[in-house]
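Chemist:
Number of protein chains: 2
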Amino acid sequence: MNDHTLILENVGKHISLSEEEKDYFVSLLYAKDFQRKEYLQREGSNSNHFTFITQGCVKSYLLDKRGEERILTIAPVDWWVVDYMSFVFEKPGNLFIQAIADTSTLVLTKEKRQDLLRKVPQFEQYFRVLTERAFAVSQQRITDILSLTAAERFEKFCIQYPSLTGTLSQQQIASFIGVTPAFLSRMLKSKRK
Amino acid sequence: MNDHTLILENVGKHISLSEEEKDYFVSLLYAKDFQRKEYLQREGSNSNHFTFITQGCVKSYLLDKRGEERILTIAPVDWWVVDYMSFVFEKPGNLFIQAIADTSTLVLTKEKRQDLLRKVPQFEQYFRVLTERAFAVSQQRITDILSLTAAERFEKFCIQYPSLTGTLSQQQIASFIGVTPAFLSRMLKSKRK
DNA sequence: CATTACAATTGACCTAGGTCAATCATAATG
DNA sequence: CATTATGATTGACCTAGGTCAATTGTAATG
């Protein structure tokens, strides 16, 4: 399995491409690897690319005014990470994107994506569907935050990301579900009994 | 200004269509009006259409386990409302969508949208861009909920939806920013002094 | 094996925001 | 103009979850 098998499979789930189109798509990507804890992006910079995770795992987060980390998204293998707010509105982002394990990625810059969309319009559909799903999930996350308790959100997290429960530290999980590490620890304790 | 001027202008901001394409698009829509408090959709039903607001205003919300209303989105004139979670994953939604003023809409069913996307592929781009923006805003909302206090969220709300501040009742605003009406009332009081 | 570093646990205490119920507008309706 | 809804305000009290700091794993590094 070479560098591009995974991403081509991912794309293939939504649209079918000729060999030339596949080659063209692949030619627009470049690979970039990161070590655990390395930053793919820092607050304040403009995000002008899509990043596809082929190995490892990545988180995006922001710092609240107390300097606490608040995780917005977690992107495992076979997912894209983007600071959409920065990407779409072309202004400096307030997100950090950081590898939480040694990670390999494929980068598609905004310009290359534009070329791609122009030359292979099927990708319009690919990105539309991708974003519609991501948006739906994001809406669900909002309703969860607005209507569930911390314990319920934790339950859901465990069901939705069973694989991550092992990979992520409690601190990360706490940050993702929106509680302090101390409180998550207490929740776990009370569940154990 | 006829029924379709607004929606065609909206579409025209993103893609340019021939007259025939415009006519075809418009032919797929049907108009539907709702009185204040009428439901466009109820919890448990499958949402299989996009709804464009040409007049009035609409909210989507869910009920938490205490039966309290939690507003997910507010859609004023020139916006689409959809229960994406239900629409995208084709399962019964948990959202209510209700008119908060007398409202006129144009409905595009899922099937018609499919036809549209097939026959006028430019609409792939329209919906991609639309969703990318909505998604970015939705991500921002999550980071706001995770990192701002109730007072800060209220500030932001006033800046982002100045027009709604007059239209919406305090209860609705409270529900949207994620606090109780009683607490919002207290916040306002302390700001007045 | 000693040490450094960092994650998890826990206790004591705190606070933002919720709950419930009563009271006070306000405005629409008979 | 009396009445009935409905929204806003407010007081008394409550609780989920946060804060801070000390303590205890645990695992990687010199």
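Line by line, the protein sequences are chains A and B. For reference, each letter of the first sequence is one residue, going 39 to 231 in the numbering used here. For reference, each letter of the second sequence is one residue, going 39 to 231 in the numbering used here. Note that CB positions come from ideal geometry on N, CA and C, so glycine has one too.
My understanding is that Thr141(A) touches Phe72(A), with C-beta atoms under 8 Å, so please give their C-beta distance in whole angstroms.
Modeler: 5 Å
Chemist: Starting from the beta carbon of Gly216(B), find every residue of chain A whose beta carbon is closer than 7 Å, and list them in chain order.
Modeler: Leu184
Chemist: Applying a beta-carbon distance threshold of less than 7 Å, which residues of chain A neighbour Gln177(B)?
Modeler: Leu110, Tyr122, Met123 and Ser176
Chemist: Just by C-beta distance, which residues in the segment 67-79 of chain A are closer than 7 Å to chain B?
Modeler: none
Chemist: Report yes if the C-beta distance between Val115(A) and Gln136(A) is below 8 Å; otherwise report no.
Modeler: For the 8 Å CB-CB criterion, Val115(A) and Gln136(A) do not form a contact.
Chemist: Got a sec: does the ligand FMN put a non-hydrogen atom nearer than 7 Å to the Cβ of Tyr164(B)?
Modeler: As presented, the structure is devoid of all ligands, the ligand FMN included, so that no description of it is given.
Chemist: For Val119(B), which residues does DSSP report across the bridge?
Modeler: Thr89(B)
Chemist: Please tell me whether Asp102(B) has its Cβ less than 8 Å away from any Cβ of chain A.
Modeler: yes
Chemist: Do we get a CB-CB distance below 8 Å when we pair Pro159(A) with the residues of chain B?
Modeler: Yes, Pro159(A) counts as interfacial toward chain B.
Chemist: What separation, rounded to the nearest whole angstrom, lies between the Cα atoms of Tyr122(B) and Leu168(B)?
Modeler: 13 Å
Chemist: Got a sec? Which residues, its chain only, sit under 6 Å from Asn132(A) by beta carbon, not counting five neighbours each side?
Modeler: Glu81 and Leu100
Chemist: Give me, in chain order, the residues of the same chain whose beta-carbon lies closer than 6 Å to that of Glu195(A); leave out the 5 immediate sequence neighbours on both sides.
Modeler: In the sequence on display, residue 195(A) carries Phe and not Glu. Only Ile215 meet the Cβ criterion.
Chemist: Are the C-beta atoms of Glu38(B) and some chain A residue less than 8 Å apart?
Modeler: Because chain B here runs from 39 to 231, residue 38(B) falls outside it and cannot be looked at.
Chemist: Considering only C-alpha positions, which residue in the set Lys157(A), Ile112(A) and His52(A) is nearest to Asp61(A)?
Modeler: Per the Cα distances, Lys157(A).
Chemist: Please classify Ala69(A) as buried or exposed, where buried requires at least 16 other C-beta atoms within 10 Å of its C-beta.
Modeler: Classification of Ala69(A): exposed, given that the 10 Å Cβ count is below 16.
Chemist: By the 9 Å beta-carbon criterion, what residues does the segment 44-61 of chain B contribute toward chain A?
Modeler: none
Chemist: Strictly by DSSP, which residues pair up with Ile135(B)?
Modeler: DSSP lists Gln79(B) and Ser98(B) as partners of Ile135(B).
Chemist: Which residue or residues does DSSP assign as beta-bridge partners of Tyr68(A)?
Modeler: Val145(A)
Chemist: State the CB to CB distance for the pair Ser185(B) and Asp102(A), rounded to an integer number of angstroms; the pair is presumed to be in contact (CB under 8 Å).
Modeler: 4 Å
Chemist: Straight-line CA distance for Ile91(A) to Lys229(B)?
Modeler: 47 Å
Chemist: Counting only Cβ pairs nearer than 7 Å, list the residues of chain A close to Phe173(B).
Modeler: Correct list: Tyr122, Thr169, Ala172, Phe173 and Ser176.
Chemist: Count the other CB atoms within 10 Å of the CB of Phe134(B); is the residue buried (16 or more) or exposed (fewer)?
Modeler: Counting Cβ neighbours within 10 Å, Phe134(B) comes out buried, since at least 16 surround it.
Chemist: How would you write the range of the alpha helix (DSSP H) that Glu107(B) sits in, first residue to last?
Modeler: From DSSP, Glu107(B) is part of no alpha helix (DSSP H) but of the beta strand (DSSP E) over Glu107 to Pro114.
Chemist: Using the rule of at least 16 other Cβ atoms within 10 Å of the residue's Cβ for burial, across every protein chain shown, is Ala220(B) buried or exposed?
Modeler: exposed
Chemist: Could you tell me whether the Cβ of Thr89(B) comes closer than 8 Å to any Cβ of chain A?
Modeler: No, Thr89(B) lies away from the interface with chain A (no Cβ there is under 8 Å from its Cβ).
Chemist: Could you work out which residues of chain A lie near Gln163(B), taking near to mean beta carbons separated by less than 7 Å?
Modeler: Glu162
Chemist: For Thr111(B), I'd like the list of residues in its chain whose CB is within less than 6 Å of its CB, leaving aside the five on either flank, ordered along the chain.
Modeler: Here the set comprises Ser98.
Chemist: Near Lys75(B), which residues of its chain fall below 7 Å by C-beta distance, leaving aside the five closest residues on each side in sequence?
Modeler: Apart from sequence neighbours up to five positions away, the residues of its chain that approach Lys75(B) with a beta-carbon distance below 7 Å are Gln136 and Ala137, ordered along the chain.
Chemist: Once the 5 residues before and after Trp117(B) are set aside, which same chain residues still bring their CB inside 8 Å of it?
Modeler: Phe90 and Ile91
Chemist: Let's test the definition: count the other Cβ atoms within 10 Å of the Cβ of Gln79(B) and tell me whether it reaches 16, buried, or not, exposed.
Modeler: buried
Chemist: Do Gln163(B) and His42(B) count as a contact pair if the criterion is CB distance below 8 Å?
Modeler: no
Chemist: Just checking: is the beta-carbon of Val126(A) within a distance shorter than 8 Å of some beta-carbon in chain B?
Modeler: yes
Chemist: Can you have a look at Arg179(A) and say buried or exposed, based on whether 16 or more other CB atoms are within 10 angstroms of its CB?
Modeler: buried
Chemist: Leaving aside the five residues before and after Leu155(B) along the sequence, list all residues of the same chain whose C-beta is less than 7 Å from its C-beta, in chain order.
Modeler: Phe161 and Glu162
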